[in-house]
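Below is one structure, written out as structure tokens; the observations come after it.
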Amino acid sequence: MDVPFLLSEAQMRRIEPYFPLSHGVPRVDDRRIVSGIIYVIKHGLMWRDAPKEYGPHKTIYNRFIRWSRLGVFNKIFAGLAAKGGKPDQLMIDATHLKAHRTAASLLKKGMFPRRIGRTKGGLNSKLHAVCDGKGRPLIMLLSEGEMSDYKGAALMIDAFPKAKVLLGDKGYDADWFRAALADRKITACIPSKGNRKVPIPHDTALYRQRHKVENMFGRIKDWRRIHTRYDRCAHTFMSAICIAATVIFWINQ
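Just so you know, we're using my numbering here: the sequence shown kicks off at 1077 and counts up by one.
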């Protein structure tokens, strides 16, 4: 049966070790269902509009929700990113992701936060990310839109891999952050804020490479269900982000 998009056998071999074990009745074809999930997220479709070649849309949706709750897609991304080799450079940045009204139309219920805030004239979430010198994401964090860049960095810094230098914009110019990087023997290539009394010099030639993290965000936001958030639950939206990052950067190695 022809389908609009199908993961290759080599790509499936890279991600299958992270799939949960099947109990009882065997699962419907993993390759076809996961490919259907990817197609829906990339093209911004409603789940019921998934091409019939992938099978019942309820099966695709239920698999995505169930595995999102189990953290399967997060584990796939983290596992493949960890196998990417030791990076010489790190780059850090954050970007806003618009939240559609359907993502925040109901009152928040449950113990887990939605990670939606009000800033830039509307509701949005914020994606914080650290990538390597090739622009491949290594660490990602979803927060409310109003969270500052350096607070997001504080939540991720314990997971930073060893590297020689980290590139960041002025939003990361904080003494505590520079000190934390120095403790990890990472050189900070961060421009000083305008209100710093004594500017701290940085390598301007090296800093020009920071566009790679911006390019990384642009490629991820090309996926329609990432560019605009429709998921009410933060874990399902984060799973979609991890799927996009995995397909774009890690399973074609």
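Backbone N, C-alpha and C fix where the C-beta goes; we use that ideal spot for every residue, glycine too.
Predicted model only: the values in this text are computed from it and were never measured.
DSSP-derived helix/strand/coil call for residue i
{"i": "residue 1305", "result": "strand"}
{"i": "residue 1193", "result": "strand"}
{"i": "residue 1310", "result": "helix"}
{"i": "residue 1231", "result": "helix"}
{"i": "residue 1381", "result": "In this structure the chain extends from 1077 to 1329, so residue 1381 is not present and cannot be described."}
{"i": "residue 1180", "result": "coil"}
{"i": "residue 1112", "result": "helix"}
{"i": "residue 1271", "result": "coil"}
{"i": "residue 1154", "result": "helix"}
{"i": "residue 1291", "result": "helix"}
{"i": "residue 1257", "result": "helix"}
{"i": "residue 1146", "result": "helix"}
Residue i - partner residues in DSSP beta bridges
{"i": "residue 1205", "result": "1169, 1216"}
{"i": "residue 1280", "result": "In DSSP, residue 1280 forms no bridge with anything."}
{"i": "residue 1241", "result": "1165, 1263"}
Residue i vs residue j beta-carbon contact at 8 Å
{"i": "residue 1137", "j": "residue 1109", "result": "no"}
{"i": "residue 1279", "j": "residue 1248", "result": "no"}
{"i": "residue 1117", "j": "residue 1320", "result": "yes"}
{"i": "residue 1256", "j": "residue 1276", "result": "no"}
{"i": "residue 1326", "j": "residue 1157", "result": "yes"}
{"i": "residue 1135", "j": "residue 1101", "result": "no"}
{"i": "residue 1300", "j": "residue 1112", "result": "no"}
{"i": "residue 1235", "j": "residue 1199", "result": "no"}
{"i": "residue 1095", "j": "residue 1315", "result": "no"}
{"i": "residue 1091", "j": "residue 1141", "result": "no"}
{"i": "residue 1283", "j": "residue 1178", "result": "no"}
{"i": "residue 1222", "j": "residue 1191", "result": "no"}
{"i": "residue 1246", "j": "residue 1227", "result": "no"}
Exposure label - residue i; buried when at least 16 CB within 10 Å
{"i": "residue 1082", "result": "buried"}
{"i": "residue 1196", "result": "exposed"}
{"i": "residue 1328", "result": "exposed"}
{"i": "residue 1252", "result": "exposed"}
{"i": "residue 1202", "result": "buried"}
{"i": "residue 1122", "result": "exposed"}
{"i": "residue 1214", "result": "buried"}
{"i": "residue 1258", "result": "exposed"}
{"i": "residue 1169", "result": "buried"}
{"i": "residue 1244", "result": "buried"}
{"i": "residue 1274", "result": "exposed"}
{"i": "residue 1145", "result": "exposed"}
{"i": "residue 1098", "result": "exposed"}
{"i": "residue 1219", "result": "buried"}
{"i": "residue 1161", "result": "exposed"}
8 Å Cβ cutoff, residue i in contact with chain B
{"i": "residue 1151", "result": "Of the chains in the structure shown, none is chain B; there is only one protein chain."}
> Are at least three pairs of beta-carbons, each pair with one atom in the stretch 1263-1275 and one in the stretch 1308-1319, less than 8 Å apart?
Replying inline: no
> Is there contact here, the stretch 1146-1166 with the stretch 1206-1214, by at least three beta-carbon pairs under 8 Å?
Replying inline: yes
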